[in-house]
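All remarks here apply to the structure that follows.
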Amino acid sequence: MKVPILAAASGLAFSSFLIVSPVFAQGERVDANGMPTTHSTPEEQAQTAQINQQAAAAAQATDSQTSANNAQYQAQQQQYQQQQQQYQDQLARNQAQQENYRDRTAAYEGLRARLAAERAAYHRGLWPDRDRWVILERGDTLVGERVQLLSGNRVGTVIDIAHASGGAVEALLVRLDSDKVVWIDSGDIRYNRADGVLMTNLDASDLHHMADERL
C-alpha cells in the first residue's frame, strides 16, 4: 500500500507547482530567467533613439525657421523706417523750397508794386531780330544763363526765377558783374534758346540803379 501513497503525494506536489508557477500572457516580455521585465529590446531602443533624433531635428528646424522669420521681419522693419525717414526728409525739403519760393515771389511782387511807376520811366531799346529773340516761357531753364545788353555786352547771370501762380515766368533775379543783384521783369527780357543767351533792353545804368532799390 506504500506505492499508491507515494504516487498520490507526487501528484499533489506537481499540482502545487502548477498552482504556484505564474501564468505568462502570450508575447509578454521576459528576462533570461523567464521573469517579466520592462527593459526594451535593442531593436526598440534603436527605434526610440531614431524617433528622438527626428523630433530633435524637427524642433531645431522650427527654431531655425523662426529665427530666420524674425531676422527677415526686423530687416523689413528697418527698411520701412529708413524709407519713412527719407520720405519725411524729402517732404521737409519740399516744404522749405516752397516757402523759399513764396518768399522770393512775395519779395518780387512787393518790389514791383512799389517801384512800378519808377521802372516804367526807364529807357528801353528796340528788340533786334524778333525771330531769334523770343519771349520767356515756363519750361525755359534759365538759372545760370548769361544776360547781355542790346549792345552785346554781358551784364550778369541769372541766379533765380519768380513765377506767376500759373507757372509763367514773371521775373529773373540777375547777379550783375558788379556783384549786385536785380530783379528784371520778363517783359524786359528776351531769350535766344539756340545760343542759351538772355538779352535785356534796359540800359546798364538803369540796371545798376534798380539793383540799389530796396523794399
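Numbering follows my numbering, with no gaps: position 102 of the sequence shown is 720. From the three backbone atoms N, C-alpha and C, an ideal C-beta is built for every residue, glycine too. Everything numeric in this text was worked out from a predicted model, so none of it was measured.
Can you tell me where the beta strand (DSSP E) with residue i in it begins and where it stops?
i	result
aspartate 824	Where aspartate 824 is concerned, there is no enclosing beta strand (DSSP E), although the alpha helix (DSSP H) it sits in stretches over 822–829.
asparagine 810	807–810
glutamate 788	787–794
valine 800	799–803
valine 815	815–818
valine 765	764–766
When the Cα of residue i is compared with those of the options, which residue comes out closest?
i	options	result
serine 823	Leu794, Arg811, Gly814, Ala812	Leu794
aspartate 778	Asp813, Arg720, Gln700	Arg720
arginine 742	Ile802, Thr759, Pro660	Ile802
histidine 781	Ser769, Tyr809, Leu754	Leu754
lysine 798	Trp751, Arg748, Gly774	Gly774
alanine 724	Arg808, Ser783, Ala812	Ser783
aspartate 747	Asn712, Ala679, Asn670, Asn810	Asn810
arginine 808	Ser796, Glu788, His826	Glu788
serine 804	Val792, Glu662, Leu709, Ala812	Val792
Could you check what DSSP says for residue i in three-state terms: helix, strand or coil?
i	result
arginine 772	strand
isoleucine 669	helix
arginine 742	strand
leucine 709	helix
alanine 689	helix
alanine 780	strand
threonine 659	coil
arginine 720	helix
methionine 619	Reliability of the predicted coordinates at methionine 619 is poor, the pLDDT of 48 falling under 50, and no value is obtained from them.
threonine 684	helix
valine 638	Confidence at valine 638 is low in this model, with a pLDDT of 45, below 50, so the placement of that residue should be treated as unreliable; the coordinate-derived value is given next. Here valine 638 sits in helix by DSSP.
Write down the C-beta distance between residue i and residue j rounded to the nearest angstrom, noting that I regard them as a contact closer than 8 Å.
i	j	result
leucine 820	aspartate 806	5 Å
glutamine 766	methionine 817	6 Å
arginine 756	valine 815	That belief does not hold up - the Cβ atoms of arginine 756 and valine 815 are roughly 19 Å apart, past 8 Å.
glycine 762	valine 776	6 Å
Per DSSP, what are the beta-bridge partners of residue i in this structure?
i	result
isoleucine 753	Bridge partners of isoleucine 753: none, in fact.
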